[in-house]
Each structure stands twice: as C-alpha cells, then as structure tokens.
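Q: Throughout, the numbering used here is defined as the position within the sequence shown, counted from one, plus 1082.
One structure, pasted below without further comment.
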Amino acid sequence: MFNRRKFLQVSSLGLSAFSLSGFTSKNKGNKPIVISTWDAGLRANKAAWEILRNNGRALDAVEQGVMVTENEINCCVGLGANPDRDGHVTLDACIMDEHANCGSVAFLERIKHPIQVARKVMENTPHVFLVGEGAQQFALSQGFVLEKEGLSEDAERTYKEWLKKSEYKPIINIENKQQQTAWAPTRFDDGTWNHDTIGMIAMDAAGNLSGSCTTSGMGFKMRGRVGDSPIIGAGLFVDNEVGAAVATGQGEDIIRIGGSHAVVELMRQGYAPEDACKKVVERLLKVKGDKAKDIQAAIIAINKNGEYGAYCLQKGFNYSVCTADDKNILLNGKNLI
Ligand code: GLY
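Take a look at the structure:
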C-alpha cells in the first residue's frame, strides 16, 4: 500500500508514484474514501461513511449518502427543489457499481428517492435507463409511494418570484452557500445552506468503486429537459480498474464533452485525478469560448489508489472529502477562469 513516507521520498525526487502528470492530486492513497460535490456533501458523506467504516459496499454508501440530500429542502435535489418552468419538480438520478452495472431515471415525478429507483432499474430490469411516466410506473411497481403534488415552501416562493420575469437564466454557483443571497436560500439548523446536484463517488475497504448522482436539474428548465446527471458517461462514470468521476454544473455542456467518462479515460492513461479533471474542464472552456463565463461546470474524481482531485470552470465550487485521515472536510475546487 502507498505510504506517506514513500510519497515524500518520491515527491522530493520530483517523480510521481501514480501519475504521469505529477503530484497535483490530493494524495492519501488510502481507503475507504468518499467524496461528493458541494458542501451538502458533508452531510451526505457522513451517511456514506457509516457504511464504509463498517466494511460496507461502496454501492450502498453512495446510495445512502445522496439520499440524505434528496431528503433535504434545497434548490436542486429531491422533491423540495425548484420546479421546471411549468411548476413541476422533475428528478434525474443514476448509479454505477464496480461491475459496470448501472441504472438511471430521468424526468421522474412525485417519487422521493430517485437514486433508489435508479438502483432498482440497475438490479431489477434488463435496462439501464427509464424516463418519465414509465420510470414512475416502474417505481410504483417496486413499492415506492407516489408523493403528493406541489412545491415545498421555498420552491413555491422562488417560483412565484421567477414567474414575474419568467427568464431562464441559471445562476452560477447557486449551489454554493456564499453565492445565494440573491436567490432564496434555505439555512439549515447547523448553519449550512443549500446546493445543486449531488454527485458522490466512493471506494470501499475492499477497494471497489461506485458512484451516484441525483438532481432536480436546472431550475425553471423547459418541461422535459434532462441534463447530464442521469447520463452514464456524462454525469457519472465508474471503471473499477481505473477510477470514478462525477460532474456538477451546466448539464448541457457536461454532456457535450462526455465529462465524467473523459476524466476516467485520462486517469486510465496515467493522469492524476485533479489533472484529469483539469484537462476535461479545459476542453469545455475550448468548446464554450467566450460563453464559458456564463456557466459553471465542475468534476470530481478518485482513482484506484484512493487519490482524489477536482477542477471547475470558475471559482465558487467546493467539494466534500471523507477519509480516515481527513475526516470530513470541505475543499475549494481549483478554477480555470
Ligand atoms: N448538472 C445538473 C443538470 O444540469 O441538470
């Protein structure tokens, strides 16, 4: 196993033990590990860690972890989140395990935990992806309850405010608590605020990787719009031989570059997680050109050695990391512009 002394020795020689591109990843080399997007990840990581520290499976950890966020009232995850422009909350989620099994749901309404439905799609159907009415029908057949229609108090207030102009203008870093004064933030009892999509990736004590991603998508989107989050390869990708990556931010643009898959493929080539994320965000910047300043996109990754890293387009993105050494910490993602 990788140890810190060896790391320092190798580092002082200017060589990299794990990557072609140097020591730019946060390198602990230990397991288990769970990391997730935004500061909501701190609460989600806590639930995931309970499973990981008891030698549980990464798949269970990433499912249980993001369910914490799905249960909270916030702008962008779960039934309490912002609606589409017609006033309906529609949810997207996906999950992927160490055997390349995966399941997704999109445009799912009135079901509390889309991540659990995604797992059922993975385990109980011959398919990978169910959407809309079909996804809801399937969820009901699996014993999920149809929740009542309607918006949370926060979402109702925000939606009414939005209707005054009805402009589709995603707010950059709406997920970050410091950016939310103009929006309609919800403060939790512990002083933390709300966020966006939660993406979570984990490696368990056995060294197996899994990931999950769940969101209500962009607030006030067109009805039927689906972003990157439920799309395997865009919002999330796991390859148990290499690593895992998950994305957050402007879904349309993350889809355009196949964000999470691209990061994993770069790690396969030897790039450290942070360097792989940076390269993919650079690709996005190239594609977007001047328009990049209007969007946020961020990717977090871990590799098979338990190294982790992240990169974002512009500042304001943070992510939560939980390891035996790091406990549960919030880090700022490095930004390109
Ligand atoms: N990344 C979330 C979305 O665009 O829907």
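Every residue gets a Cβ at the ideal spot worked out from N, C-alpha and C, and that includes glycine.
For Gly1309, count neighbouring Cβ atoms within 10 angstroms of its own Cβ and tell me buried if that reaches 16, exposed if not.
A: Under this definition Gly1309 is a buried residue.
Q: Does the beta carbon of Ala1358 come closer than 8 Å to any beta carbon on chain D?
A: The chain inventory of the structure shown lacks chain D, comprising one protein chain alone.
Q: Does Ala1288 pass the burial test, meaning 16 or more other C-beta atoms within 10 Å, or should it be called exposed?
A: Result: exposed.
Q: Can you check whether the CB of Ala1354 is closer than 8 Å to the CB of Glu1389?
A: Result yes, Cβ atoms of Glu1389 and Ala1354 sit closer than 8 Å.
Q: Looking only at C-alpha atoms, which of Cys1157, Asn1417, Glu1215 sits nearest to Gly1391?
A: Ranking Cys1157, Asn1417, Glu1215 by Cα distance to Gly1391 puts Asn1417 first.
Q: Compute the Euclidean distance between the alpha carbons of Asp1357 and Arg1365, then round it to the nearest angstrom.
A: Answer to the nearest angstrom: the Cα atoms are 12 Å apart.
Q: Taking Cβ to Cβ, would you say Cys1295 is nearer than 8 Å to Cys1176?
A: Closer than 8 Å, so yes.
Q: Closest to Met1178 by C-alpha separation, out of Pro1165, Gln1378, Gly1160, Gln1198, would be which residue?
A: It is Gln1198.
Q: Output the boundary residues of the alpha helix (DSSP H) element that contains Ser1223.
A: First-last of the alpha helix (DSSP H) with Ser1223: 1214-1223.
Q: Output needed for Gly1160: all residues of its chain with C-beta closer than 6 Å, excluding positions within five of it in sequence on either side, in chain order.
A: Closer than 6 Å at Cβ, skipping near neighbours: Glu1152.
Q: Can you look up Gly1325 in the DSSP assignment and give me helix, strand or coil?
A: In this structure, Gly1325 counts as strand in the three-state DSSP scheme.
Q: Nearest by alpha-carbon distance to Cys1394: which of His1195, Cys1158, Ile1336 is it?
A: Nearest of His1195, Cys1158, Ile1336 to Cys1394, Cα basis: Ile1336.
Q: Going by Cα to Cα distance, which pick from Val1328, Gln1378, Ala1188 is closest to Ala1316?
A: Here the closest residue by C-alpha is Val1328.
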